[in-house]
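What follows is a set of notes on a single structure, which appears directly below.
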Amino acid sequence: MFGKKLKRHLNTFLRLGIIFFISIVIVYLFPKVGNFQYEYQKGMPWRYETLTAPFDFPIYKTDEELQEERKQIAEEYPPIFNRNDQIAIFQTEKFKTALHPFETASTQAALSRIVGRLEEIYQAGLLQLPERWDPLNIQSIKVVENKIAQTVEFSDVYPLKTAYATLVEEINESGLPKSVREKILSLNLNNYLLPNLEFDLAKTTQDQLNHLKHISLTQGMVRQGDIIISERELVTAEKIKLLNSLKNEYQNNLGSTETYMRTIGGQFLLAIVALMVFSTFFYYSKRKMFYSNREFIFLYSLFLATLALGGIGYNQDISLYAIPVLFFVIIVNILIDSQTALFLLLNTSLLIACYAPNSYMFAFMQIAAGIVSIFSLNHLQRRGQLILSILLVFATYSLVYIAFILSQEGEIRAPHLLVFLWLFVNCLLLTLTYPVIYIFEKVFGYTSDITLLELSNPNHPALRSLTQKAPGTFQHSLMVANLAEEAIYRIGGNPLLVRTGALYHDIGKTYDPIFFIENQSGGMNPHNKCDFDESAKRIIDHVTQGIELAKKYNLPENIVNFIRTHHGKSKVRYFYNSFKNKYPDREIDESLFTYNGPDPVSRECAVVMMADAVEAASRALAEKTEENITKLVNEIIDNQLQEGRFSNADLTLKDIATTKSAFIDMLTSIYHSRIAYPKLKNETEDNQH
387 MFGKKLKRHL
397 NTFLRLGIIF
407 FISIVIVYLF
417 PKVGNFQYEY
427 QKGMPWRYET
437 LTAPFDFPIY
447 KTDEELQEER
457 KQIAEEYPPI
467 FNRNDQIAIF
477 QTEKFKTALH
487 PFETASTQAA
497 LSRIVGRLEE
507 IYQAGLLQLP
517 ERWDPLNIQS
527 IKVVENKIAQ
537 TVEFSDVYPL
547 KTAYATLVEE
557 INESGLPKSV
567 REKILSLNLN
577 NYLLPNLEFD
587 LAKTTQDQLN
597 HLKHISLTQG
607 MVRQGDIIIS
617 ERELVTAEKI
627 KLLNSLKNEY
637 QNNLGSTETY
647 MRTIGGQFLL
657 AIVALMVFST
667 FFYYSKRKMF
677 YSNREFIFLY
687 SLFLATLALG
697 GIGYNQDISL
707 YAIPVLFFVI
717 IVNILIDSQT
727 ALFLLLNTSL
737 LIACYAPNSY
747 MFAFMQIAAG
757 IVSIFSLNHL
767 QRRGQLILSI
777 LLVFATYSLV
787 YIAFILSQEG
797 EIRAPHLLVF
807 LWLFVNCLLL
817 TLTYPVIYIF
827 EKVFGYTSDI
837 TLLELSNPNH
847 PALRSLTQKA
857 PGTFQHSLMV
867 ANLAEEAIYR
877 IGGNPLLVRT
887 GALYHDIGKT
897 YDPIFFIENQ
907 SGGMNPHNKC
917 DFDESAKRII
927 DHVTQGIELA
937 KKYNLPENIV
947 NFIRTHHGKS
957 KVRYFYNSFK
967 NKYPDREIDE
977 SLFTYNGPDP
987 VSRECAVVMM
997 ADAVEAASRA
1007 LAEKTEENIT
1017 KLVNEIIDNQ
1027 LQEGRFSNAD
1037 LTLKDIATTK
1047 SAFIDMLTSI
1057 YHSRIAYPKL
1067 KNETEDNQH
């Protein structure tokens, strides 16, 4: 008694410790800033009372404004050039040498003016602009000479094209004879126009970066008490700017240690509340799972893993729309049930939405898409079903997003299209749930409907062996599977699990099939040569032998439970009663005639126990009328109920009554009386003769 109490207390501390640990991790994952208490969208009316400035704060420029300002600086900021006088001297002397053949007493003055014009060009500065600069946007440049930078008006220097045109104009207006002018122009003047102002990319870039650092992030101030937005006023782009500035300033002011600790405390309290709500559901709806350490750790680990996915979006600057928040919700839905998955979805989506941009839209999208995924994957039995479900999730995401954007902004613009790409990435990642399910099955011992479908295939080695060695038992198992499946459909449960479990419940009969009546033929019965207790042992052993075979074939534990519990702790009545009748005065060891159990603990196992007993007994009915079948079903199941075989199973009396009705309907349909066809007159006469 003391040991059980201690174990119960330790389990309680374990669960509280897990909840406390998860709460700490959630706080760690959450952004370390306070959250602005107002939600607002462009184009929507202000839903709160009139908001006034609680303190003085600056109006922050929008990202678009800052980006435009940086672009303008990059385009208009003066580039830096280094002056190289050696180039000017060399090119001028080179030009003089080229003009020397044309020099005469009459042309000397004109040629000197032309050379002088070239010297003026080099003196002012000859340059070539990099492609990124538009000459129309440049007002000035910086020229570095002897490590001293001077700002020079762009109109005072010569780009290559301007210098060429100026020199040509000087030659044409020099007064030289036409033949001389043509010969000078044929010298290819570009050979003598080499920029003596050399562009310095490194200095220009560094200077621009230094200037960009000093860009003001704000424009104007809002004074304490100023009205920011009035109640029911439309939220315009200008109001968004003011509200974002207040939000930014509010969060920036949360840097003090005291405020930081209060923020952490609030986040911890929020996490605890969410986990307690989830635990309350878990305790009252899934109490057996709640008290199973394995299942508790599994479910709460996925709770934390789902929030960790949201944390990736928070902390790594990845769009939350690209994060597959539904990943572990889908896994819980497939491995446990839709109800648990729905509560996991609601709790985690609301927690993640606390710090998501446009949190109401995010929560709406996740919950809507999550519900679609849960009910479209209620019983996953093929890969195509998962793909179809993910397509429906993508469609739901897209429709909700479009609806919100149209209602808030009135149009879908180019930036919104990127969200659809993120949503596609999200759904693409959801396809990985299919292989991950297999890993969770192996680690935590769950069995998905996909695995059950594979196990129920008659070509499975265990079932093929049963078919070959004990064909009568295999036919009996098929009948039990049909009966149990129909009953589970009516009372609720997992039909695929109950069918698969029924197919395997008697695989232990593979060892000594001849000792079971359904495999006997020709009147041969080996029990006639055995004592009653030996016969009982042969019958009882098929359970332990079935468990051994199940482990050999690596069958899941929930399938082994059908083998272990389909007789529970009942007795082998035929040989027990035969022994008592033959030896009324002898003391009987009842353990020799009793199965080791345990009794069923799930409704699926309990229904298979009923179906197994009813199907076997119905074969022995001499007249399989509806009345006889009804009487047989009621007697067998009522005896099991009185013996307490279902005391540990989650079955109500109504469920048991419904199960009886299902068995009676099925067996009556199977064993219905054949119609006596009327004979022909001649055939009747022949029979009389």
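So for the sequence shown, the numbering used here puts the first residue at 387; every next one is plus one. No residue lacks a Cβ here, since even glycine has one placed at the ideal position from N, Cα and C.
Which of helix, strand or coil DSSP assigns to residue i
i: Pro521; result: helix
i: Tyr544; result: strand
i: Val958; result: coil
i: Gln605; result: strand
i: Ala1008; result: coil
i: Val566; result: helix
i: Thr726; result: helix
i: Gln1074; result: Low local confidence applies: a pLDDT of 36 at Gln1074 is under 50, so the model's placement there is unreliable, and no value is given.
i: Phe902; result: coil
i: Pro431; result: strand
i: Thr853; result: helix
i: Gln536; result: strand
i: Ile1015; result: helix
i: Leu579; result: coil
i: Glu584; result: strand
i: Thr438; result: strand
i: Tyr746; result: helix
i: Leu807; result: helix
i: Ile614; result: strand
i: Leu620; result: strand
i: Tyr368; result: Look at the range of the chain in this structure, 387 to 1075, and you will see that residue 368 is not part of it.
i: Tyr446; result: strand
i: Tyr741; result: coil
i: Phe714; result: helix
i: Glu795; result: helix
Nearest-angstrom Cα separation, counted from residue j out to residue i
i: Asn812; j: Leu415; result: 20 angstroms
i: Gly983; j: Phe664; result: 35 angstroms
i: Ala873; j: Ala789; result: 44 angstroms
i: Val538; j: Lys528; result: 6 angstroms
i: Ile738; j: Arg885; result: 40 angstroms
i: Gly858; j: Val718; result: 39 angstroms
i: Ile836; j: Arg768; result: 7 angstroms
i: Leu402; j: Lys674; result: 17 angstroms
i: Ile900; j: Leu763; result: 44 angstroms
i: Arg1104; j: Asp998; result: There is simply no residue 1104 to check, as the chain begins at 387 and stops at 1075 in what is shown.
i: Ala657; j: Phe689; result: 11 angstroms
i: Asn963; j: Gln906; result: 22 angstroms
i: Leu839; j: Tyr426; result: 49 angstroms
i: Arg1060; j: Asp1051; result: Residue placement at Arg1060 cannot be trusted, given a pLDDT of 47 that sits under 50; what the coordinates show is reported in the next sentence. Distance between the alpha carbons of Arg1060 and Asp1051: 16 angstroms.
i: Val993; j: Glu904; result: 21 angstroms
i: Ile716; j: Ile823; result: 10 angstroms
i: Phe481; j: Tyr578; result: 6 angstroms
i: His913; j: Arg924; result: 9 angstroms
i: Arg618; j: Leu437; result: 11 angstroms
i: Ser560; j: Asn596; result: 48 angstroms
i: Lys672; j: Gln725; result: 10 angstroms
Expected contact under 8 angstroms - CB spacing of residue i and residue j to nearest Å
i: Leu512; j: Leu573; result: Not quite, the Cβ-Cβ distance comes to about 17 angstroms (not below 8 angstroms), so this is no contact.
i: Leu721; j: Pro710; result: The Cβ separation is near 17 angstroms, so there is no contact.
i: Gly894; j: Leu941; result: Wrong, their Cβ atoms sit about 12 angstroms apart, outside the cutoff.
i: Tyr686; j: Ile404; result: 6 angstroms
i: Leu553; j: Arg503; result: 6 angstroms
i: Tyr939; j: Ala848; result: 5 angstroms
i: Leu693; j: Gly699; result: The Cβ separation is near 11 angstroms, so there is no contact.
Reference residue i; option with closest CA among the options
i: Leu785; options: Leu772, Tyr508 and Phe806; result: Phe806
i: Glu871; options: Met996, Phe481, Ala484 and His600; result: Met996
i: Ser842; options: Tyr824, Leu818, Val829 and Asn868; result: Asn868
i: Lys653; options: Val958, Asn558, Ile412 and Ala1006; result: The sequence given here has Gln at residue 653, not Lys. Considering only alpha carbons, the answer is Ile412.
i: Pro417; options: Leu620, His913, Tyr646 and Ile570; result: Tyr646
i: Val958; options: Ala992, Asp919 and Phe948; result: Asp919
i: Val866; options: Ser1004, His597 and Phe713; result: Ser1004
i: Tyr636; options: Pro440, Lys923, Ala727 and Phe826; result: Pro440
i: Thr980; options: Glu1013, Glu1012 and His928; result: His928
Suppose only complete runs of 4+ residues qualify. What are the alpha helix (DSSP H) ranges in the stretch 623-703, listed by chain order?
Assignment of alpha helix (DSSP H) within the stretch 623-703, counting only whole runs of 4 or more residues, yields 623-638, 643-671, 673-676 and 679-701 in chain order.
Runs of 4 residues minimum, wholly inside the stretch 448-533: which ones carry the alpha helix (DSSP H) assignment?
You should have 449-462, 471-485 and 494-510.
Alpha helix (DSSP H) segments (min. 4 residues) lying fully within the stretch 869-894
The alpha helix (DSSP H) runs of length 4 or more contained entirely in the stretch 869-894 are, from start to end of the chain, 881-890.
Please give the ranges of any beta strand (DSSP E) in the stretch 746-786, keeping only runs that are unbroken, at least 3 residues long and fully inside the region.
None, since the stretch 746-786 contains no complete beta strand (DSSP E) of that length.
Beta strand (DSSP E) runs wholly inside the stretch 939-997, at least 3 long, in chain order
DSSP runs (the beta strand (DSSP E)) wholly in the stretch 939-997: none.
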